[in-house]
Every structure is written in structure tokens, then in C-alpha cells.
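Q:
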């Protein structure tokens, strides 16, 4: 009898337990999930009348007649006894998968052969399939590693160079985890140069990834150049392996960055890539990642990652400088938005010492007919006369540097011809950068003033506040945050007198953008912004324009269509705001006079605008006070949401009915809750750990247990050294079949709990756990359940937040879901999030009980069915849906855990 099975598994036919393995069985692999089985047609003794089918009869009728001959890779010859034993091992695996029977059989076999190293390689080569975690070859290798752990000294003389070479050739073409997991058993690193020829063979075959992984494992970095496999992998966009190789070799870091920089300097990058690909025999080239923009991003990424200087990539540095230079010149001479001091400061920073860029600066200025300025820079950089443009050379012959500067100063009036600018007296400006000057600020600034203006300046690259401007009706104070970082008393006093003072109205223009920066830049965390009393002039202006036809006394800036502070100022006062320092380097010390003046005018003009708006609204009958109150309420809501770390303003979320949270972070608190937590028939259970990317695995950080009266947030990291208390909690709650534990996606939480806590011998499977996700899906699958609320459309369709919105009207705020749960101390928002994730399970289950009772849905039977299936099956998320797969059994006598004693609270 012969059969072929298709699907996920070795053979779909059912084989009774009492059937004994037959002698003449041969299996050959046709790929994943396909196998052909040839069996002896003689019936098994005692089973002549057995009606149980042994194979899939459908596959016999449909597939056997047209079955092609299997293509079998020639394998090493093994003797008949080994072949018979291997066939029995395959069928043992087919029936029981990973089991004690399989382990004993393999351990006995390795003990019986003279050379286990050679034997295991021959067995693997004669097994169908690759070495993957769920296939037989992988299990054989694992058992071999366990067998050799304490027996290496007995068989070390059998580990010859031929066996090592054979093992490396087999493992190098498998997944990288195979080489990492099983390579040390064959002691490959001790003879690493033995495998150089094999790695070069992989390179010739175009297996660059496998060759690079082999070199990484064997630490053969110095034996290869970047063109062997690093350049091919970059061209194929396999960057993670490239980075792993470079992390251990500084010489390759420099060589690869220089190679890519030379490629970037080519006039035709695509032609150069094509030529290199043909020379190195590279296939599957990702051309979309090998043009200027992604290539320059890759060079920048490598340079930052390995802390390489700009001298390693001169072409990229030059192109970046040229881009910055063009931007600055356009801002100065086309947009006319920056002044001469700011322009020269930015040019020096952008050009640096690069002679080519310095010469390009002079050429660009000459093209804008700014010959005087071009001469100024030509003399400053001492550029050769023969390289200068013709007009600059002529001007140099008739003028000296001083004349050039004077001529330039006259030409500087280009931006004063047509516009009137808002000005103030410099004597009213005070720069606060010393301890003595802070006294003046606290005593004079905030006394007797009910309205002030606020503004701030920050560094555009680091997003760090460097200046905070406070303007009163007669003075402007500029606080240098860089110089006052250590004056905590000043900031605490300022917090009390200014930020938390409801008697002072704070004016700003889009100042809400500075609030997050302000909170992170000041030397204390708890800034009082709940009662900030902040009025945004921009929002006030928009609201007035929207609801009323206000008439200003001045026409404003004719060419400007942007609702900017300069435009509003020109409408109110007839003077525009000269903002020629917007791109200035605010971290540079000492500050320029033009920078100080610009920062001061940007702040005190807010008061001029507000007073003019008050006058106009009073004259035209516009209720400015009511509009201002509405705008400030909107601002207050915004600040409260920001302080609460929320991501959506004006949106309602699920909240706890009782704000009772207990954080358990000491052994004494743990002992107390062990005495009070028991006695409830149902609990909500959840867990939190730090989200990670890649191979790094986090450990459990928090365990949340919710009762109807209290939410206990247990700090796992703080109680790592209390195993006895954890075992008591496990016996009392987690492994107690007499209480119901609710969760959502429980499989991942329980796996992390078992892994992180001392519960190796604690049976938690089936111990009264009810997954509300599976219950929800089962109810909606079998019954037409109608919820009271429509649910939140923004939530994921199968998320806990969606189910909470269906049962409790409002969704969960998941803003802290991906926060760092290992950081201590925990934020209040994290504690609140963790508590609500657990307590909401009780509210959801209570609502489901009520709905099912009203709609005659047997929730008790469905819950018992879900728990029964959950105790014998593993549920995995795949693509947002739940998939049921058979568990890894431990032996033929494993019985399902009984859940008959579980209580379902309805």
C-alpha cells in the first residue's frame, strides 16, 4: 500500500496507538508538507479486521496514478540496520513529534555507535527536510548536542578535519541559527582557517549572505575584503548582516564607507553599479537603493553608527556643504529673509575649510551680481586670484578689503527701502545669564504685571530650548537656558510665580509647540501647566476672523498670504516684523546683538498686538473677552492632554470606575496582598514588558491583577529576589483552578510569566484561564450578539480597545503600550494605563454576561468550551487573527487537564 499526503504534516492518515511499527517502510521528501509512504501490504497481526483507515483515501485515488518519481538527492550510504532504525524513528516522530520515546531512542543510538559525530551527520543527510525547529533533523541535532555535553572528552579523537568540513558545509547552507546553535559542538572555530576554501566556494556560487554569516561565526574578518561579500550584500540591500560584520572590524568600516563615497562621487552612479555588479557576479541588485539620496543616507548611517569622521567620506561632505550653501544664498538673495550678520555666520558654518566649496561660494555670489560680497569672501578665504571670476578679479584690482566692506555696508540697505519695521529701544532688553541677574527677574519682572508675552528659541538640530523670552509692558527679559541650567531654585520659583500663577495672562503665538520642549529642557519634571492661563494670539486672530468681520487700521503686508505674526503686527501697527535671524545658530555664545534684538522684538510685539486687538474689538462691538475664554479653554484642554501623555485632544477614553491602584514593589507589600487578594471568584490578569525589535528578548516588568475592589500592579523587576513569594502567589491565584482568570491574548502573557517567574513546576495550563478574545470570537461566530454601543472606529478591529468600546462605550487609551516598562520610576500615566488594562477585563466580562443573559446566549457553556480547548491547544496570532495549532506533546501518555471544576461567573 502506498500513499501521498499533502498539507502541514508528515501524513494525514490516522494510525491507532496499538498499531506497531512495520519493518519495511521508506519515506522520501517531496518538499514541505508532501511525503510518499510505501508500506508492507501484509496486515499487522491482530489488526486484520481493523476498519480504521491508515492513510488518506482521497489522496490515493486522486494522486497516486499520476505521481511522478521522487527526486532524491544522493545521500551517503547507510547500512540496513541503520536504515531500519531511521525508518522507525521517522514514524515515531510522525506520531508523537518531540517525545520522551524519541529522546531515549536517539540517546541510545548515539551511545551505541563508535563515532557519534559521523553518525549524526549521516542521519541528518538521510532525513527529509531542512534543519528547522519543527522538523525531525533539528530535533536530532538538539539531542546530539545534549548527548555530547559531558562526553566530548570521550569522542574528541573522532572529530577529524573531514568531519568538521562536512559539518560546516551542511550547516552553512541552513538558517544562521543552525550554525550558531550546533557549530560549537563540532568545535569549528578552533580550526577556522580550514573553512576558507568553503567560504570562497559560497562566494563563487553567489551565496554572499551565507559566506558572510560563516565568516562572522568563525571570526575570519581579516581574511576577506569588502568586495568578497560586503559590497554584494549592500547592492542586494541585505544591510543587517553587513552591519553585524562591520561591528567587529574597524578596517572594513573605513573601507566600505570610502568605497560607497567614491561611488557617490561618480557622474553616472547607475552605470558604475552595473559595471561593479558584472565584475563581482552580483545578482538581484536593488537598483532603487543605489542612487544619490538613499546612497548618501546609507553613508551617513554607517558614519554615525561607527563614529567615523567626515574625512572618510569627502564626496558626501562636499555635497552636503554645497546643499547648505545654496539654501543660505537663496534665503539671503532670493527670499531676502535673513540679514547680513546671520548670513555670514551661517556661511562660515556651512563652508568650513573646504577650498572647493569656498570657491563655489564666490562663484554663486558673483552670479547674483553681489560682487562686493564675493570679494569679501575671496579675501577672507585667501583664494588664488587666477581662480576667481572675472568681475571679482577686476574689483579686487581697484578696491582694497576695507573699501569692499564699506561698499557692502551701503548695499545692505536693500531691505529698508520699501518696508517699515517694528523697532524697540535696546535699553529695555535684559539678558539673564548670571545669578545676580536672576534676582532682577524675580523681583521686578513678575511683580505688578497681569499680562506678559512668552516666546522661545531652540536649536533646530537637537530641538533643545536655548532661550526663553518674557516680555512685560516696559521690559524684555531673555533667559539664557544654557547658562542657567544648574539654577534649579530659579526655575522652581519661576514655576510658582509664572507658570502656575492664574493671575497672570500669558500671551504667545503658537507657543504650544514650545511646551514639550520646555518640559524637557528645564531642570525639573513637574512643571505646572494645568492652570497655565495661556492665550494663543494666532488662534484668537483666526477665531475673530472666522466669526466677525473685524476691520484693521492698516492694510498689512501686501505680498504675504501666510497668517504669521509679522502679518498680524503689520495689520495692527502698520510695521512689519524683521525676522532675519530665524535660521541663526542660537547655541552660539556670545549672542549677536542682532540675535538679542530679534528675540526681544518677537516677544514684546505680542503685547502691542493684543492691546490693539482689544481697542479694535471694543470699537467694533466684538466680544473679545468671550472669544478669549473659549480659546483659553481649548488651550487648557491641550495642555492637560499633553501633561497626561495622551495623543488625541478632545477624545473620550475608558476610565476606571474606582481609582484604587496599589503598586507592589517591596516584599512587605507583597506579603500584605497575599493575605488580602484571595477570596474573589474572578480576577483580571495582564502583563507588561519592554517592546523590542530584533533578537533581543525582554523580561517581564509588571504583573497586573485586578479584583472588583482593587488593582494590584506587581513590580516584577523590584521583586526578582523573592521566589518564595512568587510561588505563593502562583499557588493562590495563577494555578488555582477554583478561580476564574480573565485575559486578552493570554497565550503570550502566560508564556512570559512562565519564562520570567519561578513557575517551572507549576501547572498553569487550563487552570481557570478564560481568554476574552477567543470568547468574543466564539460568541460572534455562533450567535448574533448585539452590543449596546457601536464601538470605536479608530481601534483595531480585533483589539482589546475595540471590545472595550463595544461593551463600555469608550476605547482604551493605548498611548503607553510601547513605552519602556523597564525604566524606573514608572510614570503616573504608565501606572494608570497598566491598571486600566487589567480592570477593564472585569467590566467587559460583566457586560458580556448581561448581554448574553438578555439575548439568551449560553455564555457558561461557551466559556467552558473555550477554556477546554485552550487547555489542550495553543492559540497563536497570525495576521491579526487567531489560529489554532496542535501543541508540542511530551509523550504518548499525556492526558488533557480537566477543567470540570472551573467556575464561570455569569
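Numbering (this note's numbering), first residue to last: 426 to 1331. Idealized CB from N, CA, C, for every residue including glycine.
1) Quickly, what does DSSP pair residue 785 with across the bridge? List them, please.
2) With DSSP collapsed to three states, give me the class of residue 795.
3) Starting from residue 510, follow the alpha helix (DSSP H) in both directions and report where the run begins and ends.
4) Note the first and the last residue of the continuous beta strand (DSSP E) segment covering residue 1141.
5) Kindly indicate which three-state DSSP category residue 1259 falls into: helix, strand or coil?
6) Look up residue 779 in the DSSP assignment and say whether it is helix, strand or coil.
7) Among 1152, 1047, 1266, which one has its Cα closest to the Cα of residue 1133?
8) Look up residue 1114 in the DSSP assignment and give the residues it is bridged to.
9) Apart from the five residues just before and just after residue 977, which ones in its own chain have a Cβ nearer than 6 angstroms to its Cβ?
10) Report buried or exposed for residue 529, applying the criterion of at least 16 other Cβ atoms within 10 angstroms of its Cβ.
11) So, with DSSP's three-state summary, where would you put residue 813?
12) Kindly indicate which three-state DSSP category residue 533 falls into: helix, strand or coil?
13) Tell me the DSSP secondary structure of residue 1001 in three-state form.
14) If you draw a straight line from the C-alpha of residue 1158 to the C-alpha of residue 1091, how long is it?
15) Output needed for residue 893: all residues of its chain with C-beta closer than 7 angstroms, excluding positions within five of it in sequence on either side, in chain order.
16) Determine the contact status of residue 1013 and residue 1030, defining contact as a CB-CB distance below 8 angstroms.
17) Taking three-plus beta-carbon pairs below 8 angstroms as touching, is the segment 1015-1035 in contact with the segment 844-855?
18) Among the candidates 753, 780, 782, 779, whose CA atom is the shortest distance from the CA of residue 769?
19) Specify, as a first and last residue, the run of the beta strand (DSSP E) that residue 880 falls within.
20) Given a threshold of 16 other Cβ atoms within 10 Å of its Cβ, counted over all protein chains shown, does residue 767 qualify as buried or as exposed?
21) Buried or exposed for residue 755, going by 16 or more other Cβ atoms inside 10 Å?
22) Starting from residue 718, follow its DSSP beta bridges and name the residues at the other end.
23) Kindly indicate the opening and closing residues of the beta strand (DSSP E) around residue 933.
24) Are the segment 579-594 and the segment 551-560 touching by the rule of at least three beta carbon pairs closer than 8 angstroms?
25) Under DSSP, the alpha helix (DSSP H) around residue 904 begins and ends at which residues?
26) Does the segment 1098-1112 come into contact with the segment 1161-1169, if we say contact requires no fewer than three beta-carbon pairs (one atom in each stretch) closer than 8 angstroms?
27) Measure the alpha-carbon distance for residue 1385 versus residue 810 and round it to whole angstroms.
28) Residue 681 and residue 688: beta carbons closer than 8 angstroms?
29) Alpha carbon to alpha carbon, what distance is there between residue 1006 and residue 761?
30) Residues bridged to residue 422 by DSSP?
31) Is the segment 1175-1189 in contact with the segment 1274-1294, if contact means three or more CB pairs nearer than 8 angstroms?
32) What are the boundary residues of the beta strand (DSSP E) that residue 1168 is part of?
33) Taking the alpha carbon of residue 1124 as the reference point, which residue from 1141, 1135, 1137, 1130 has its own alpha carbon closest?
34) In or out: residue 972 buried (at least 16 other Cβ within 10 Å) or exposed?
35) Which residues does DSSP pair with residue 1196 in a beta bridge?
36) Going by alpha carbons, who is nearest to residue 510 out of 552, 539, 542, 523?
A: Concretely, from the data shown:
1) Taking the first residue of the chain shown as position 1, residue 785 is located at position 360. Note: residue 785 sits in no beta bridge, so no partner.
2) Here residue 795 is taken as the residue at index 370 of the chain shown, counted from 1. Looking at residue 795 - three-state DSSP - the assignment turns out to be coil, as it is neither helix nor strand.
3) Translated into the one-based positions of the chain shown, residue 510 becomes position 85. That run of the alpha helix (DSSP H) goes 505-521.
4) Along the chain shown, one-based indexing puts residue 1141 at 716. Neither: residue 1141 is in no beta strand (DSSP E) and is coded neither H nor E.
5) Your numbering for residue 1259 matches position 834 in the chain shown. Looking at residue 1259 - three-state DSSP - the assignment turns out to be helix.
6) Residue 779 sits at position 354 when you count from the first residue of the chain shown. Correct three-state label for residue 779: coil.
7) As a position in the chain shown, residue 1133 is number 708, starting the count at 1. Selected option, being the one with the closest Cα: 1266.
8) Locating residue 1114 in the chain shown gives position 689, where the first residue counts as 1. Paired residues: 1125.
9) Residue numbering aside, residue 977 sits at position 552 when the chain shown is read from its first letter. Contacts found: 996.
10) The sequence position of residue 529 within the chain shown is 104, counting from 1. Label assigned to residue 529: exposed.
11) On the chain shown, residue 813 is found 388 positions in, with the first residue counted as 1. In this structure, residue 813 counts as coil in the three-state DSSP scheme.
12) In the chain shown, counting from the first residue as 1, residue 533 sits at position 108. Residue 533 falls in the helix class under three-state DSSP.
13) By 1-based counting over the chain shown, the position of residue 1001 is 576. Looking at residue 1001 - three-state DSSP - the assignment turns out to be strand.
14) Here the question's residue 1158 lines up with position 733 in the chain shown. Here the question's residue 1091 lines up with position 666 in the chain shown. Each residue's alpha carbon lies about 19 angstroms from the other.
15) Here residue 893 is taken as the residue at index 468 of the chain shown, counted from 1. 881, 904, 906, listed in sequence order.
16) Locating residue 1013 in the chain shown gives position 588, where the first residue counts as 1. Locating residue 1030 in the chain shown gives position 605, where the first residue counts as 1. Taking 8 angstroms as the Cβ cut-off, residue 1013 and residue 1030 do not qualify as a contacting pair.
17) Result yes; three or more Cβ-Cβ pairs closer than 8 angstroms.
18) Within the chain shown, the letter at position 344 stands for residue 769. Closest option to residue 769, Cα to Cα, is 753.
19) For the purposes of this step, residue 880 is taken as the residue at position 455 of the chain shown. Segment 876-883, the beta strand (DSSP E) holding residue 880.
20) As a position in the chain shown, residue 767 is number 342, starting the count at 1. Around the beta carbon of residue 767, a 10 Å sphere encloses 16 or more other beta carbons of the protein chains shown; the residue is thus reported as buried.
21) Numbered from 1 along the chain shown, position 330 holds the residue referred to as residue 755. That one is exposed.
22) Within the chain shown, numbered from 1, the residue matching residue 718 stands at position 293. Note: residue 718 sits in no beta bridge, so no partner.
23) Position 508 of the chain shown, counting from 1, holds the residue named residue 933. Run containing residue 933: 930-933, per the beta strand (DSSP E) assignment.
24) no
25) Position 479 of the chain shown holds residue 904. That residue, residue 904, is in no alpha helix (DSSP H); its beta strand (DSSP E) goes 901-905.
26) yes
27) Nothing about residue 1385 can be reported from this structure: the residues present for the chain run from 426 to 1331 only.
28) As a first step, residue 681 must be located in the chain shown, where it is residue number 256. As a first step, residue 688 must be located in the chain shown, where it is residue number 263. No, the pair does not count as a contact, with Cβ atoms beyond the cut-off.
29) The residue labelled residue 761 in the question sits at position 336 within the chain shown. The residue labelled residue 1006 in the question sits at position 581 within the chain shown. Rounded to the nearest whole angstrom, the C-alpha separation of residue 761 and residue 1006 is 11 angstroms.
30) The requested residue 422 is not part of the displayed model; the chain covers only 426 to 1331.
31) Cβ pair count under 8 angstroms is below three, so no.
32) Here residue 1168 refers to the residue found at position 743 of the chain shown. Looking at the DSSP string, the run of the beta strand (DSSP E) that includes residue 1168 is 1165-1168.
33) What you label residue 1124 is simply residue 699 of the chain shown in a count that begins at 1. Residue 1124 has its Cα closest to that of 1141, out of 1141, 1135, 1137, 1130.
34) The residue you call residue 972 lines up with position 547 of the chain shown. The residue is exposed, with fewer than 16 neighbouring Cβ atoms inside 10 Å.
35) To locate residue 1196, count along the chain shown from 1; it is residue 771. According to DSSP, residue 1196 bridges with 1168.
36) As a first step, residue 510 must be located in the chain shown, where it is residue number 85. Taking only the C-alpha atoms, the option nearest residue 510 is 552.
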